[in-house]
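These notes are about the structure you will find just below.
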Amino acid sequence: MLTDCFINGERIASDSGAEFSVRDPATDQEIANVPLLTKHQVESAITAASEAWPAWRSMTAAERGELIRALSSLMKRDAERLALLMTREQGKPLAEARGEIAYATAFLDWSAEEGKRIYGETIPASSPDKRILVLRQPVGVTAIITPWNFPSAMITRKLGPALACGCTTVIKPAEDTPLSALAIGALAAEAGIPPGVVNIVTGEPEMIGDVFTTDDRVRKLSFTGSTEVGRILMRKASNNLLRLSMELGGHAPFIVFEDADLDRAVASAMGSKFRNGGQTCICANRFYVHDSVHDEFVARFSRAMSELRVGIGTEAGVDVGPLINDAAVEKVEQHVQDAASHGATIATGGSRLRLNGHADRFFAPTLIDGMTGEMLCRREETFGPVAPIARFSTEDEAIALANDTEYGLAAYFFTRDASRLMRVAEALEYGIVGANDAVPSTAQAPFGGMKHSGFGREGGKYAMDEYLETKFVSWVL
Ligand code: ADP
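For what it's worth, my numbering labels the leading residue of the sequence shown as 371, then goes sequentially.
Dropping the structure here:
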């Protein structure tokens, strides 16, 4: 297992010798120690990225695309090893980890091709002797900060378009899951991506965030994480007027109308809510079900939940793994207890599941019926396997409830009425809307939020805009 950082194509330990431990969330056993780099070392990664930039940006898009695809091929070759590593450091069931590697490589493959289609423009000028050209050029050294819930895909979804556009990168993975990132760093070198183009640094988040936002060689910061940390970084980035992409928290509503296909709604609710144990920024966080189908939906949903198998991610047949750390379990527990104390019914689950010999991080899939406005789960991201449900009676009421949040990342609704489908899709104030669909993410579509869920898009041709400058050349013949 690789535990070194990568700077300028070299494996790097901490100059100070300091390290932090990475633990398996299922057992709390230490699985590796990873460098706590010094400030000087983080700066040296930026030096490497800025020195590598001129040659990288001068390559043709096809040449860069080949190298990006080579990285993707190596990740596919090593998919089983990478998936196991991910399950060990992150906890998700192995089948989901395998799925994430495939999902992660899709961003590389897509970007490798799309890099060839970064078109400029000519615009008719206002005098006959003038020409107006619009050039699209890479922004330059790109800093990337990623979370622990998708340790590989959150990296490749930024790395793919950044590299394809001709930017070089310095990546800081989350402290809970650095091993997947370090593995990607090694594979980038094996793929033949030149030294300095992909640098991976680990260490104290605040210090690294400070370096990224104050070093004026960094031209772009792409962040995925909490709204709270997004705000901190945005404030810090203001001095350098650093270009930002912010993929922040969510609080997704999931609306089931009276004319919904209930089988599909229940199956989709299960997929959305329990993927990664509910630790995804787009997972359904609150359910609104029409009065006339509420009881049936609750009965079917809670039956399906009670059939889920909770356990360690490497065991066959496990659907839900441990939560990432103790604070995560405490938050989930607090949300459930708070809902119960405000009069909700805990229809299924409601407490930790203690598995012999394992860490106390497993939580039973939980259905909270009777969610009301004063409950924490109605306002805050739960980030766990908890599904709170409330009733509604009209379409307008459902839309108003769904939009009543500062977040605007993903929203889902289920209906068989085509007119309603368009009306509701247009009315929801969310960057991603799933209409009869709860697994919207895919490499070719724009993923990102509105309001306090941030700005910028990842995936598809829209992702390229995040890493390109638009230059206007006014030319007198
Ligand atoms: P989560 O709630 O998903 O852990 P965070 O926003 O805390 O979300 O973490 C997302 C990423 O942001 C991680 O890589 C983490 O190390 C990093 N991070 C946390 N605090 C800071 C900070 N002050 N400056 C820079 N990065 C930070």
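Beta carbons: idealized from backbone N, C-alpha and C, even for Gly.
- Taken in chain order, the complete beta strand (DSSP E) segments of 3 or more residues contained in the region 729 to 753 are 736 to 739.
- Short note on P517: C-beta closer than 7 Å to some heavy atom of the ligand ADP.
- With a minimum length of 4 residues, the unbroken runs of alpha helix (DSSP H) contained wholly in the region 753 to 827 fall at 765 to 773 and 788 to 797.
- The DSSP-derived three-state label of Y837 is coil.
- Residue burial annotation: Q814 is exposed, with fewer than 16 other C-beta atoms found within 10 angstroms of its C-beta.
- Taking non-hydrogen atoms of the ligand ADP into account, the C-beta of G579 is found less than 7 Å away from one of them.
- Note on geometry: alpha-carbon atoms of I578 and W518 lie some 17 Å from one another.
- Q399 counts as exposed, since fewer than 16 other beta carbons sit within 10 angstroms of its beta carbon.
- Within the DSSP bridge table, the entry for L505 names K841 as partners.
- When the five nearest sequence neighbours on each side are left out, the beta carbons in the same chain lying within less than 8 Å of the beta carbon of A654 are those of A622, P623, F624, A639, S642, K643, A757, Y782 and A808, in order along the chain.
- Assigned with DSSP and collapsed to three states, E617 falls in strand.
- F671 sits in a helix when the DSSP states are folded into three classes.
- Per DSSP, L407 is not a residue of any beta strand (DSSP E), being assigned neither H nor E.
- Contact check between the region 427 to 447 and the region 595 to 610: fewer than three CB pairs, one atom from each, fall below 8 Å, which does not count as touching.
- Under the criterion of beta carbons closer than 8 Å, I694 and G461 qualify as touching, at roughly 6 Å.
- For P623, the enclosing beta strand (DSSP E) covers residues A622 to V626.
- In this structure, the alpha-carbon of K590 lies about 28 Å from that of L452.
- Taking C-beta atoms as the reference points, N773 and L798 count as a pair closer than 8 Å.
- Runs of beta strand (DSSP E) with 3 or more residues, each lying fully within the region 505 to 554, are found at 511 to 515 and 539 to 542, listed in chain order.
- Per DSSP, reduced to three states, the secondary structure at A418 is helical.
- Counting the other CB atoms within 10 Å of its CB gives N569 a total of 16 or more, which places it among the buried residues.
- Of the heavy atoms belonging to the ligand ADP, none sits nearer than 7 Å to the Cβ of G573.
- Only buried fits N646, as 16 or more other CB atoms lie within 10 angstroms of its CB.
- A contact is defined here as three or more CB-CB pairs under 8 Å, and the region 482 to 498 fails this definition with respect to the region 675 to 685.
- Non-local C-beta neighbours of V846 in its own chain, meaning closer than 7 Å and more than five positions away in sequence, comprise D499 and K500, ordered along the chain.
- Listed in chain order, the alpha helix (DSSP H) runs fully inside the region 460 to 505 are 464 to 484, counting runs of at least 4 residues.
- Sequence-distant Cβ neighbours of L603 in its own chain, meaning closer than 7 Å and more than five residues away, are G579, T583, L591 and F593.
- In this structure, the alpha-carbon of G620 lies about 43 Å from that of P494.
- One thing to note: L552 has its Cβ within 8 Å of the Cβ of C375.
- DSSP places R656 in the strand class (E or B) of the three-state scheme.
- Using a Cβ distance threshold of 8 Å, G801 and G829 do not count as a contacting pair.
- Distances taken from the Cβ of P405 to the heavy atoms of the ligand ADP include none shorter than 7 Å.
- In the DSSP annotation of this structure, V567 is not part of any alpha helix (DSSP H), being labelled neither H nor E.
- Note on geometry: alpha-carbon atoms of R761 and D739 lie some 9 Å from one another.
- In terms of Cβ geometry, G826 and G600 do not form a close pair [threshold 8 Å].
- In this structure, V663 keeps its C-beta atom at 8 Å or more from the C-beta atom of V636.
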